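K.L.:
Okay, here's the structure, questions in a sec.
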Amino acid sequence: LDIDYHLFKEKKNYDLIKTIQSIYKFKGNLERLRGLVIDKDIAIIVASIVNEENEVLKKIILKQGEKVDMCESLMNFYNRGINKGVNKETLQKTKQIFKHFYPHEDSNILNNLTKKQLDTIFTMLLDQEPFDKIKGIINKEIIS
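Residue 1301 is where the sequence shown ends in this note's numbering, and the numbering goes up by one at each step.
Next comes the structure, spelled out in structure tokens:
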């Protein structure tokens, strides 16, 4: 739906419509968002409209000042999504190997660890380190 945002006299309405349209047309092209700086309250409304899982995007926006750079906010949001996907993949692979070497242990002890923690445990599993040593690393990381 294309609405001619130039027809809006009120700046906040203009910013709202222009930003929503720019984001829907975004499709990875940063040039469409470059220089798009709007008020924080409008940015939060935009986040609610364009994204069903908008809590992460809202948190990113709330960390910025009164003016929000939508290009920067969306790139931070997409990068978090990519990192979350990488962590999920690393967790799945580590759990798979963990279950192979320790079939009677609960692989859920690996949940909620960082990518770095999972990488360390993954290497320990490949080196066939004893379970107590791996569990010690997990417990140490949970405490810190």
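Heads up, the beta-carbon is just placed ideally off N, CA and C, and yes, glycines get one too. Given the structure is predicted, the values throughout are model-derived calculations rather than measurements.
Just list the residues that DSSP pairs V1194 with in beta bridges.
P.N.:
As a working note, residue 1194 is residue 37 in the sequence shown. In DSSP, V1194 forms a bridge with D1226.
K.L.:
State the start and end residues of the unbroken alpha helix (DSSP H) segment that holds T1271.
P.N.:
Against the sequence shown, residue 1271 aligns to sequence position 114. Neither: T1271 is in no alpha helix (DSSP H) and is coded neither H nor E.
K.L.:
Under the three-state reduction of DSSP, which class applies to Q1253: helix, strand or coil?
P.N.:
Translated into the one-based positions of the sequence shown, residue 1253 becomes position 96. Reduced to three states, the DSSP call for Q1253 is helix.
K.L.:
Taking the alpha carbon of T1247 as the reference point, which residue from K1182, Q1274, Y1181, D1289 has its own alpha carbon closest?
P.N.:
To locate residue 1247, count along the sequence shown from 1; it is residue 90. When only C-alpha atoms are compared, the closest one is Q1274.
K.L.:
Kindly give me the distance between the Cβ atoms of T1277 and I1294, rounded to whole angstroms, as I take these residues to be in contact under 8 angstroms.
P.N.:
Here residue 1277 is taken as the residue at index 120 of the sequence shown, counted from 1. Here residue 1294 is taken as the residue at index 137 of the sequence shown, counted from 1. About 6 angstroms; that satisfies the 8 angstroms criterion.
K.L.:
Should S1205 be counted as a contact of the ligand COA given a C-beta to heavy atom distance under 7 angstroms?
P.N.:
For the structure depicted, the ligand COA is absent and the ligand set is empty, with no information on it obtainable.
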